[in-house]
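Chains as they are written, first to last, in UniProt numbering: chain R, 1 to 327; chain L, 1 to 753. Contents: one structure, followed by commentary.
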Amino acid sequence: MNQFQYMRPTKQKAAIDALAKDPNAKIIAGGTNLIDLMKRGVMTPLKLIDINKLPLNKIEHEGNSTRIGALALNGAVAEDKLVLEKQPLLAQALNAGASAQLRNMATVGGNMLQRTRCHYFYDTALPCNKREPGSGCGALEGYNRMHAIFGFSDKCIAVHPSDMSVALVALDATVLVSGPKGDRRIPFAEFHRLPGDTPQQDTNLAQGELVTAVEIPDAAFTKHVHYLKVRERASYAFALVSVAAALSIDNNTIKDARLAMGGVAHKPWRLTEAEKALIGKPATEETFRQAAEVAMRGAKAFKYNAYKLKLAPNSIVQALKTAAAVA
Amino acid sequence: MSEQLQKSQSGAIGEPMNRVDGRLKVTGAAKYSAEYELPNLVHAVLVGSTIAKGSIKNIETRQAERAPGVLAVITHLNSPKVPGFAERDHPAEPPTAGQPLRVFHDNKVVFNDQPIAVVVADTLERARYAASLVKAQYDQDKHQTNLEANLGQGYLPAQAKKNPKSPLADYQRGEADAYKNGATKLEAEYVIPSEMHNPMELQSIIAHWEAPDRLTVYDKTQAVIGTQRAFAKDWGIPEANVKVIATFVGGAFGNGLHNWPHETAAIIAAKKVGRPVKLVLTREQMFTMVGYRPYTWQKIGMSATPDGKLTAITHESVGQTSTYEQFTESTLQQTRMMYTAPNVTTRYRIASLDVSTPVWMRGPGEATGAFALESAMDEMAHALNLDPLEFRLRNYTDTDPDNGKPWSTKYLKECFQMGAERIGWSNRKQQPGSVKSGEWLVGYGMGVGTFGAHRGSAKMKAILTKKGTVVLQSATTDIGPGTGTAMVQIAATTLGLPPEKITFQLGNSTFPTAPSQGGSSTVNTVGAAVQDACIALREKLHQLAAATPNGQVFSAAKPEDIVIMEGHLSLANDKLAKAAYSDLLRQNNEAEVEVTIESKPGGSDRDKYSMYSYSVHFVQVHVQPLTGEVRVKKVISCADAGTIVNQKTAGNQMMGGAVGGIGMALTEGAVIDDRYGRYVTKDLADYHVPVHADAPNMEFAFVNKPDPHVNALGTKGIGEIAIIGMAPAIANAVFNATGKRIRELPITPDKLI
Ligand SMILES: Cc1cc2nc3c(=O)[nH]c(=O)nc-3n(C[C@H](O)[C@H](O)[C@H](O)COP(=O)(O)OP(=O)(O)OC[C@H]3O[C@@H](n4cnc5c(N)ncnc54)[C@H](O)[C@@H]3O)c2cc1C
Chain R
1 MNQFQYMRPT KQKAAIDALA KDPNAKIIAG GTNLIDLMKR GVMTPLKLID INKLPLNKIE
61 HEGNSTRIGA LALNGAVAED KLVLEKQPLL AQALNAGASA QLRNMATVGG NMLQRTRCHY
121 FYDTALPCNK REPGSGCGAL EGYNRMHAIF GFSDKCIAVH PSDMSVALVA LDATVLVSGP
181 KGDRRIPFAE FHRLPGDTPQ QDTNLAQGEL VTAVEIPDAA FTKHVHYLKV RERASYAFAL
241 VSVAAALSID NNTIKDARLA MGGVAHKPWR LTEAEKALIG KPATEETFRQ AAEVAMRGAK
301 AFKYNAYKLK LAPNSIVQAL KTAAAVA
Chain L
1 MSEQLQKSQS GAIGEPMNRV DGRLKVTGAA KYSAEYELPN LVHAVLVGST IAKGSIKNIE
61 TRQAERAPGV LAVITHLNSP KVPGFAERDH PAEPPTAGQP LRVFHDNKVV FNDQPIAVVV
121 ADTLERARYA ASLVKAQYDQ DKHQTNLEAN LGQGYLPAQA KKNPKSPLAD YQRGEADAYK
181 NGATKLEAEY VIPSEMHNPM ELQSIIAHWE APDRLTVYDK TQAVIGTQRA FAKDWGIPEA
241 NVKVIATFVG GAFGNGLHNW PHETAAIIAA KKVGRPVKLV LTREQMFTMV GYRPYTWQKI
301 GMSATPDGKL TAITHESVGQ TSTYEQFTES TLQQTRMMYT APNVTTRYRI ASLDVSTPVW
361 MRGPGEATGA FALESAMDEM AHALNLDPLE FRLRNYTDTD PDNGKPWSTK YLKECFQMGA
421 ERIGWSNRKQ QPGSVKSGEW LVGYGMGVGT FGAHRGSAKM KAILTKKGTV VLQSATTDIG
481 PGTGTAMVQI AATTLGLPPE KITFQLGNST FPTAPSQGGS STVNTVGAAV QDACIALREK
541 LHQLAAATPN GQVFSAAKPE DIVIMEGHLS LANDKLAKAA YSDLLRQNNE AEVEVTIESK
601 PGGSDRDKYS MYSYSVHFVQ VHVQPLTGEV RVKKVISCAD AGTIVNQKTA GNQMMGGAVG
661 GIGMALTEGA VIDDRYGRYV TKDLADYHVP VHADAPNMEF AFVNKPDPHV NALGTKGIGE
721 IAIIGMAPAI ANAVFNATGK RIRELPITPD KLI
């Protein structure tokens with residue numbers, strides 16, 4: 001770990017000023033991802049701005065949406081009454097992530113900004129365009145079992161590891177940010193980026209910007225929701241593939257649907273076309289199969305992740321079946 | 001609960017007594033190697049190579065040397081010379097062909113992440129930072145790290161070349177490869193990946209030169225005496241000048257049976273800076289520096305008659321080793337002795353790759369071999385449309401088909417019966433995929449395990465103190481099975497003392513010699529020595545008591561009637577008899593009464609009998625048909641391990657083995673990117689050991705009948721059989737659930753959809 005400066009501002013403005021001024025500064029929240037990466041020399045910030053003194057951990061309902069502060073803990077959000085009532089899919093996704101100990105440290109802001117778990121990103125002895133632009137993508141022709149089947153580029157085929165983000169993108173959340181130029185709102189689907197030629201940039205957050213909260217609009221997705229996470233052990237592993245499914249069903253007809261996948265792309269992967277294929281149809285396995293087929297259009301696999309071409313649609317079907325309670 | 005706990009503390013052999021060091025462990029009072037606080041202690045961090053093969057052209061250390069707090073940066077260019085390295089031959093201890101890596105000896109790189117430098121600084125953080133500043137340039141050679149691409153390079157180990165009777169040599173009973181002409185036959189290949197040692201405690205050492213020729217190490221090892229010998233030889237100093245302390249070991253599973261480069265790196269560093277040096281490996285370094293279960297390819301050919309009699313088995317195996325040591329293990333032993341097949345051929349090979357040396361890992365060899373053998377047995381049973389348990393019974397043998405000797409004891413049939421009943425084997429359907437629980441497919445499977453019941457020699461000291469307590473000392477270790485607890489129970493039973501009056505001290509090379517803790521032989525060996533030492537102590541007390549004033553009553557009694565009380569001896573059948581310790585000790589001219597004995601396997605039993613422990617694992621699994629997820633729902637393991645000294649710690653052993661087997665079957669496997677010859681899954685996020693949620697309801701049962709031929713206690717050993725046969729039991733259950741036969745571990749969801 002390199003030497004770094006540390007500050008713990010009590011005012012949001014001070015945090016943003018410090019962050020905007022110094023391109024080598026980084027926010028630290030729960031530290032569960034950043035510290036790991038610093039210990040391995042993957043990230044080497046020269047200044048850490050600890051935001052834990054900022055009043056950003058509230059969970060509240062205002063107007064037609066639930067607002068969750070950036071410092072709200074993953075564990076606290078997953079157990080929050082309001083969240084369980086209004087957005088149970090989010091609670092499920094959070095509980096599918098990491099372990100209880102980690103969820104008690106990890107924050108909502110840190111979770112969406114956690115970095116990929118690609119093996120090549122983590123090992124400074126191996127090439128990675130995300131860590132060291134221009135050094136090459138180790139995964140492209142390497143061990144890419146965990147990697148993307150959608151939206152990748154020849155510079156990077158990593159996936160975003162967050163479970164929470166898969167639910168948030170499905171639920172049409174908005175990220176609230178505050179920066180040197182003031183506040184702005186970023187639709188969750190536009191928060192993370194595809195790798196393109198700049199895989200070093202995970203998100204559209206600008207230099208100096210701080211995530212302050214996420215907002216989730218109320219919707220009719222309280223009953224028929226399911227977050228399915230497929231992994232090789234029962235807990236405490238990143239997803240091979242995950243699916244966030246939310247349905248609104250009336251008289252066995254799907255009135256509205258939300259669908260997103262994790263573990264398949266550089267960003268949480270919203271499946272709007274597949275949603276369209278669900279709406280207006282009966283809630284049957286047949287419908288779910290058809291939607292899954294639509295969802296998989298354009299998927300392409302690499303040497304070690306071809307299984308995802310089958311696991312992903314199967315998981316969509318399974319998640320929808322569970323959400324709809326169709327045996 | 002508390003009543004039960006109270007009751008369980010009588011300490012007799014067999015009681016489920018709580019661990020004598022349990023409280024120390026759960027309260028943090030137990031001290032592990034890295035936890036000793038020595039004055040002037042400094043910290044060392046290793047720098048690993050980033051290529052798999054070649055030589056170091058240039059190593060840049062100046063920046064690291066200038067970093068704050070740094071005391072030394074040691075490489076092959078400036079390392080103090082290790083005298084033992086200079087010899088052309090630097091054999092391993094215990095001996096394998098080849099020689100262990102001579103750290104910092106020259107500029108050669110023979111595996112990726114090989115230690116090429118060690119940085120010593122006043123704090124761990126500073127050492128770690130400075131280590132990140134050391135940069136090497138290499139002349140790179142082409143490397144080979146893929147076993148399956150190098151199967152053709154497999155060779156007979158040197159030991160087998162030299163000695164055709166070696167268990168590693170090619171073996172033939174009856175006709176060679178007779179399966180090819182069998183009525184019903186199968187031929188299949190099985191692969192297990194490298195499985196990494198990931199005990200909770202990281203490998204760690206504190207090295208302290210107390211004088212230029214006196215070394216003390218607090219070292220995580222399973223062999224304090226072996227380690228003492230190895231370092232004495234390396235440094236050309238008397239063995240008595242090397243003190244090895246390993247009072248507590250936080251799990252080892254075999255990785256502490258060999259000495260590794262990081263240990264010598266710490267000793268070199270301590271020499272260089274003249275201060276005690278602590279070195280703790282990182283989790284990633286555990287993947288390259290302390291051995292692992294080797295990647296192994298196997299092939300089985302098997303034939304049987306239509307009525308389910310095995311006619312032939314051919315079992316071949318190629319396991320990986322390094323280029324500098326020939327690591328071998330007994331992968332094929334179970335195939336030679338478990339079933340009655342008249343024609344058996346085995347061929348064991350190893351292939352040298354540009355990787356670090358593997359080492360024993362729980363159930364070494366047998367766990368690997370059993371995956372192939374017990375999977376093949378299940379495949380054959382299916383081909384014959386026979387219940388797999390029935391198929392095994394039809395090929396059960398009451399004598400060792402390898403050498404015709406009778407078994408010392410074998411209660412495997414009893415294990416079969418107990419296990420089949422408890423798992424509800426009758427619910428198993430012969431047709432795969434016929435049982436469901438909700439959406440999940442349900443399958444049942446079984447696998448058999450065996451491991452030699454070994455016993456070695458050990459010395460033991462027993463001391464009676466004035467307070468009427470007994471202290472036993474042995475240079476064995478306790479890597480987690482509860483060795484100390486078992487030894488206290490053996491002593492308590494032999495002496496008729498309550499367990500709290502007995503202390504068993506271990507993990508110190510100044511104590512009487514004991515073998516390394518491996519091969520499930522510690523209770524067989526050291527337990528026997530405890531028993532012998534207690535008998536010798538009682539005899540000595542008997543003699544001393546007889547010689548005290550009014551000692552006639554003692555001389556008339558038998559030694560086993562001696563009762564140890566606070567302050568005096570008495571007799572079981574005459575509570576009034578008294579021999580005061582002060583009188584005894586005056587006789588003895590000492591402050592305490594002390595005996596040291598050596599306990600050895602005696603007689604000709606070893607020649608007359610074949611000695612093995614046995615286990616059978618029955619499992620029930622659920623498989624999600626769409627996602628391919630496998631969940632083990634129930635495990636019943638039954639073991640014939642001779643006398644069970646402690647039902648509770650023995651159960652712990654079985655449980656740990658079962659969980660290890662679940663990992664082997666479903667989740668574990670380290671992956672190398674062959675382009676770089678470097679592991680890419682090397683932390684606990686990427687390399688999946690099972691978590692609690694993967695460990696189901698588990699039940700364990702023991703036959704608990706003594707084997708009179710291994711030792712007087714009747715023990716046979718548990719640690720290895722707890723895992724051997726577990727992985728195939730799960731693979732067989734997955735087949736029963738899905739009809740899919742997975743022959744390459746681990747059985748991950750992608751293989752089942
Ligand atoms: C062993 C392990 C297993 C895990 N398993 C899972 C899993 O299964 N599923 C899953 O989803 N996650 C998993 N995680 C990841 C975990 O969810 C993240 O580490 C955690 O959510 C990060 O939150 P944090 O507050 O600790 O972030 P930090 O580590 O403090 O920060 C992470 C990043 O976010 C930035 N940041 C933090 N807050 C803000 C803010 N308000 N504004 C701007 N930038 C900010 C930091 O600068 C840093 O770059 C796992 C982690 C570990 C260590």
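Don't be surprised by glycine CBs; every beta carbon is placed ideally from N, CA and C. As the structure is a prediction and not an experimental result, all values here were calculated from the model.
Contact note: L/L46 does not reach chain R at a C-beta cutoff of 9 Å; the least C-beta distance is about 14 Å. In this structure, L/T596 and L/M460 form a Cβ contact; the two beta carbons are roughly 7 Å apart against a cut-off of 8 Å. For R/Q101, the shortest separation between its Cβ and any heavy atom of ligand 1 does not lie below 7 Å. The beta-carbon of L/V318 is placed no less than 8 Å from the nearest beta-carbon of chain R. Here the alpha carbons of L/V103 and R/P23 stand approximately 41 Å from one another.
Taking 7 Å as the upper bound on Cβ-Cβ separation, chain R lies near no residue of the segment 58-77 of chain L. Taking CB atoms only, L/R631 has a neighbour in chain R less than 8 Å away. Rounded to whole angstroms, the separation of the alpha carbons of R/R193 and R/V243 is 19 Å. Excluding residues up to 5 positions away in sequence, S408, T409, A453, M611, G642, T643, G714, T715, K716 lie with their Cβ nearer than 8 Å to the Cβ of L/D707 in the same chain.
A distance below 6 Å between beta-carbons, with the five flanking residues on each side excluded, links L/W260 to the following residues of its chain, in chain order: M289, V290.
Taking L/L133 as the centre and dropping the five residues before and after it, the same chain places the C-beta of Q63, A64, A67 closer than 7 Å to its C-beta, in chain order. Relative to the non-hydrogen atoms of ligand 1, the Cβ of L/Q624 never comes closer than 7 Å to any of them.
Between L/A30 and L/V277, the alpha-carbon positions lie close to 21 Å from each other. L/T314 has its Cβ no nearer than 7 Å to any heavy atom of ligand 1. One Cα belongs to R/A14, the other to L/D750, and the distance between them is close to 49 Å.
Residue burial is scored here from C-beta neighbours: R/P187 has fewer than 16 other C-beta atoms within 10 angstroms and is therefore classed as exposed. For the options R/T116, R/L140, R/F302, R/V264, the alpha carbon positioned closest to that of R/Q201 is the one of R/T116.
For the segment 129-144 of chain R, the beta-carbon criterion of a distance under 8 Å to any beta-carbon of chain L is satisfied by G138, E141, G142, Y143.
For R/Q201, no alpha helix (DSSP H) run applies, since DSSP gives it neither H nor E.
Here L/L373 is not near L/G308, since their CB atoms are 8 Å or more apart. In the DSSP assignment, L/Q417 falls within the alpha helix (DSSP H) that extends over 412-423. At a cut-off of 8 Å, the C-beta of R/V230 has a neighbouring C-beta in chain L.
The CB of L/A149 never comes closer than 7 Å to any CB in chain R; the least such distance is about 15 Å.
In the DSSP assignment, L/P549 falls outside any alpha helix (DSSP H) and carries neither an H nor an E.
Between ligand 1 and R/K21, a heavy atom-to-CB distance of less than 7 Å is absent.
Judged by the Cβ position, R/T107 qualifies as a neighbour of ligand 1 at the 7 Å threshold, a heavy atom of the ligand being closer than this.
Among the residues of chain L, those whose CB is under 9 Å from the CB of R/M1 are E125, R128, Y129, S132, following chain order.
The alpha carbon of L/T311 has as its nearest neighbour, out of L/T321, L/T340, L/R336, L/N427, the alpha carbon of L/T340. Relative to the Cα of R/Q12, the nearest Cα in the group R/L56, R/I35, R/H226 belongs to R/L56.
Checking the 7 Å criterion, the Cβ of R/M164 is within range of a heavy atom belonging to ligand 1. Close to chain L, meaning a Cβ-Cβ distance shorter than 7 Å, are the following residues of the segment 311-323 of chain R: L311, N314, S315, V317, Q318. Non-local C-beta neighbours of L/T522 in its own chain, meaning closer than 7 Å and more than five positions away in sequence, comprise T476, T483, ordered along the chain. Within the segment 684-696 of chain L, those residues whose Cβ lies closer than 8 Å to any Cβ of chain R are, in chain order, A685, D686, H688, P690, V691, H692, A693, D694. R/H224 has its alpha-carbon roughly 9 Å from the corresponding atom of R/L89.
Around the beta carbon of L/D673, 16 or more other beta carbons sit within 10 angstroms, so the residue counts as buried. The alpha carbon of R/L34 has as its nearest neighbour, out of R/T107, R/L228, R/F302, R/F238, the alpha carbon of R/T107.
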